[in-house]
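Student: The structure under discussion is supplied below as structure tokens; questions concerning it will follow.
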Amino acid sequence: MNNKSMDHARILVVLPHPDDEAYFVSGTLAMYIAAGAEVTYACLTLGEMGRNMGVPLIANRITLPAIRQAELEASCKAIGIQDLRMLGFHDKMIEFEDPALLDQRMESLVKELTPSLVITFYPGYSVHPDHDATGAAVIRTMARLPAAERPVVHSVAFSNNHQQRIGAADVVIDVTPFITVKINSILAHRTQFQEDKVLGSLLPTDPVICGKYGMERFWTYRFPECKEQPEEAALCCK
């Protein structure tokens, strides 16, 4: 990553579930924060419909929302995120929310924070319907901004064969200097990840762990003109 990529003083992260930040972006966020950036994480749900309850069980269907909120707060503390916003949408229901409501919430955040970088999921290439719907709301909102006022959007993609459609990631960040932060963020989500499964008997700094968790990849979202690239533009020009 070149020095230009570090020129972001205010960053907005928009993801749907507790633990999305830990697995996909925690090292990158720790890097930016260490360089002086202010980070707001807007988490749309509490992941209350998740099936993982810990091994051994530490939650049930009734207690899971409060536990996952506490895990999210602990993860953000491990990363150093200064501003956590819990938006209160329902887990596994983002695709069914009123798009106008989603877009209004995104627009409100962008107007308040004026970030130079927004991080979200790449719609259509991030597997979970909540991921795709969240990313789509962000892209629609960003597309309505004048190009000169639009923040850079870095998106996460990991669906099967995504590179055949959108190419290789153009932002690849070595987060091994922050690998302990990333592992602590992941393990903060105790219902979702167990230390023996994440680390085994190894330390976070072990080369095996760094090889598995030490790179984070993003696609800079390109905002096309509707008339030029209608398939891509359908996501953002509605």
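Heads up: the sequence shown begins at 19 in our numbering, then just goes up one per residue.
Think of the CB as a built atom: it goes at the ideal place given N, C-alpha and C, for glycine as much as any other residue.
Please state whether DSSP places S203 in a helix, a strand or coil.
Tutor: Helix at S203.
Student: For S177, list the residues DSSP reports as bridge partners.
Tutor: Partner(s): none; S177 has no beta bridge.
Student: So L119 is in the alpha helix (DSSP H); what residue range does that whole segment cover?
Tutor: 117 to 131 is the span of the alpha helix (DSSP H), which, as asked, contains L119.
Student: So, helix, strand or coil for D25, using DSSP?
Tutor: Correct three-state label for D25: coil.
Student: Comparing C-alpha positions only, which one of A53, A55, I201, P169 sits nearest to G232?
Tutor: The candidate whose alpha carbon is nearest that of G232 is I201.
Student: Specify the secondary structure class of Y277 as computed by DSSP and reduced to three states.
Tutor: Given a span of 19 to 256 for the chain in the structure shown, any question on residue 277 remains unanswerable.
Student: Does the beta-carbon distance from Y59 to I157 come in below 9 Å?
Tutor: For Y59 and I157, no; Cβs fall outside 9 Å.
Student: Give a yes or no on contact between the stretch 203 to 212 and the stretch 159 to 179, applying the rule of three or more CB pairs nearer than 8 Å.
Tutor: Flag = no, the stretch 203 to 212 and the stretch 159 to 179 do not touch.
Student: Could you compute how far the alpha carbon of C61 sits from the alpha carbon of M111?
Tutor: Near 14 Å, if we compare the C-alpha coordinates of M111 and C61.
Student: Under a three-way DSSP split, which group does A165 fall into?
Tutor: A165: helix per DSSP, three-state reduction.
Student: So if DSSP puts T238 in a beta bridge, which residue, or which two residues, is it bridged to?
Tutor: Per DSSP, H172.
Student: Here's the rule I'm using: 16 or more other beta-carbon atoms within 10 Å means buried, otherwise exposed. How should H26 be labelled?
Tutor: The residue in question, H26, is buried, as its Cβ has 16 or more Cβ neighbours within 10 Å.
Student: Considering Cα atoms alone, identify which of V145, V170, A40 is closest to E113.
Tutor: The residue with the shortest Cα to Cα distance from E113 is V145.
Student: Determine the direct distance from the alpha carbon of A96 to that of Q87, and round the result to whole angstroms.
Tutor: So the alpha carbons of these two residues sit roughly 14 Å apart.
Student: Look at the alpha carbon of V226 and the alpha carbon of D214, and state the distance between them as a whole number of angstroms.
Tutor: C-alpha separation (whole angstroms): 14 Å.
Student: Who are the Cβ neighbours of T152 in its own chain at under 7 Å, not counting the five residues just before and after it?
Tutor: Closer than 7 Å at the Cβ level, and outside the excluded window around T152, lie V32, L33, P34, L62, I112, T138, F139.
Student: Return yes when the C-beta of D214 is under 8 Å from any heavy atom of the ligand NAP, and no when it is not.
Tutor: As for the ligand NAP, it is missing from this structure, which has no ligand bound.
Student: Report yes or no: do three or more beta-carbon pairs, one from the stretch 113 to 131 and one from the stretch 154 to 170, lie closer than 8 Å?
Tutor: Flag = yes, the stretch 113 to 131 and the stretch 154 to 170 touch.
Student: Which two residues bound the contiguous alpha helix (DSSP H) that contains T46?
Tutor: Per DSSP, T46 belongs to the alpha helix (DSSP H) from 44 to 52.
Student: For M49 versus V193, is the C-beta spacing smaller than 9 Å?
Tutor: Yes.
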